[in-house]
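To keep things clear, I will list the structure first and then write my remarks on it.
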Amino acid sequence: MLFTRLVVTAKSIQVLTPALGPNTHVDFSAVASIVRNLAECYLFFFFLCIDDVPQDQKDARIILLNLHDDGSRAKLFAELGEEELDDETRALRIVVRTDLETKFAANSYLAALPEKRQRELLRGEKTPFVQDDVIDRTDLDKKNFRFLYRFLSNHTHTGPVAFYRMGEHGRGAGYRNEKDTFYMASALEFAATLLTPAIRDMSGLFPEAEERGRKARSADIRKPARANVRRRK
Numbered sequence: 017m018l019f020t021r022l023v024v025t026a027k028s029i030q031v032l033t034p035a036l037g038p039n040t041h042v043d044f045s046a047v048a049s050i051v052r053n054l055a056e057c058y059l060f061f062f063f064l065c066i067d068d069v070p071q072d073q074k075d076a077r078i079i080l081l082n083l084h085d086d087g088s089r090a091k092l093f094a095e096l097g098e099e100e101l102d103d104e105t106r107a108l109r110i111v112v113r114t115d116l117e118t119k120f121a122a123n124s125y126l127a128a129l130p131e132k133r134q135r136e137l138l139r140g141e142k143t144p145f146v147q148d149d150v151i152d153r154t155d156l157d158k159k160n161f162r163f164l165y166r167f168l169s170n171h172t173h174t175g176p177v178a179f180y181r182m183g184e185h186g187r188g189a190g191y192r193n194e195k196d197t198f199y200m201a202s203a204l205e206f207a208a209t210l211l212t213p214a215i216r217d218m219s220g221l222f223p224e225a226e227e228r229g230r231k232a233r234s235a236d237i238r239k240p241a242r243a244n245v246r247r248r249k
């Protein structure tokens, strides 16, 4: 799922990256948001699928992912108020939560963590890893990653960096300009540094996939997805 998401996100970046003709609409902030999304997806992909850690840690990471999912959903639906949930949904959430807490307590890696850290992880409100810790285990340049991630985040969240000095720099108005072209190229280069190891590592997990992919037609690849859509209807 995560690798598929990486590929789909990369395709979206390609679609949003303009062929720089004289009347082309240029929106670097839109591209920045999706490249930042790609970076986050890559870290999840590496953390869950690629990083070589002992089995108890692999199991722990899946538990933490599910806790994060549970915590995120609880926080999301809390905005509507608990009264919006029916009794069956509340009961099911309690079952899921109890199961996750039981698995957490039974995992030797998680049980050995300081109690304060355990409480934080059990809440599931935050991403189940520290970005810098994951980056350190990859082949990525951490200083470059952190700089570009923060820069892209300013455009994602409309920070002052995204709109200060727009007029002075002649950027951000939707037309081709030197600054946005440079930023766009930098974002694409960053995306490439993430996709390259992702493809390499995925090919290592499934060495026959590249050959199968060359033989497969686009129509064949899309068949399973279309079948799922029909079943849902």
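Going by this note's numbering, the sequence shown opens with residue 17, and the numbers climb by one from there. Backbone N, C-alpha and C define an ideal beta-carbon position, used for all residues, glycine too.
The Cβ atoms of residue 59 and residue 77 do not sit closer than 7 angstroms to each other. As summarised for the stretch 53 to 115, the continuous alpha helix (DSSP H) elements at least 4 residues long and confined to that stretch are 71 to 94, given in chain order.
Distance between residue 188 and residue 158, taken at the CA atoms: about 28 angstroms.
Excluding residues up to 5 positions away in sequence, 165, 168, 169 and 172 lie with their Cβ nearer than 7 angstroms to the Cβ of residue 52 in the same chain.
In chain order, 80, 83, 120, 126, 129 and 144 place their CB closer than 8 angstroms to the CB of residue 137, counting only its own chain and leaving out the 5 sequence neighbours on each side. At the C-beta level, residue 139 and residue 97 stay beyond 7 angstroms of one another. When only Cα atoms are considered, residue 91 and residue 110 end up about 15 angstroms apart. Taking residue 41 as reference, the option from 200, 118, 26 and 106 with the minimal CA-CA separation is 200.
Scanning the stretch 129 to 172 for uninterrupted alpha helix (DSSP H) segments of 4 residues or longer gives 131 to 139, 147 to 152 and 158 to 172, listed from N- to C-terminal end. Looking at the backbone, the Cα of residue 183 and that of residue 191 are separated by about 12 angstroms.
A Cβ-Cβ separation of about 12 angstroms leaves residue 18 out of contact with residue 210 under the 8 angstroms criterion. A straight-line Cα-Cα distance of about 14 angstroms links residue 226 and residue 212. Beyond the five residues adjoining it in sequence on each side, residue 67 comes within less than 6 angstroms, by CB distance, of 153 in the same chain, given in chain order. By the neighbour-count criterion, in which a residue is buried when 16 or more other Cβ atoms sit within 10 angstroms of its Cβ, residue 206 is buried.
Excluding its 5 nearest sequence neighbours in each direction, residue 50 has C-beta neighbours in its own chain below 8 angstroms: 25, 28, 29 and 32, listed in chain order. Nearest in C-alpha terms to residue 35, of all of 114, 141 and 197, is 197. Residue burial annotation: residue 108 is exposed, with fewer than 16 other C-beta atoms found within 10 angstroms of its C-beta. The DSSP-derived three-state label of residue 223 is coil.
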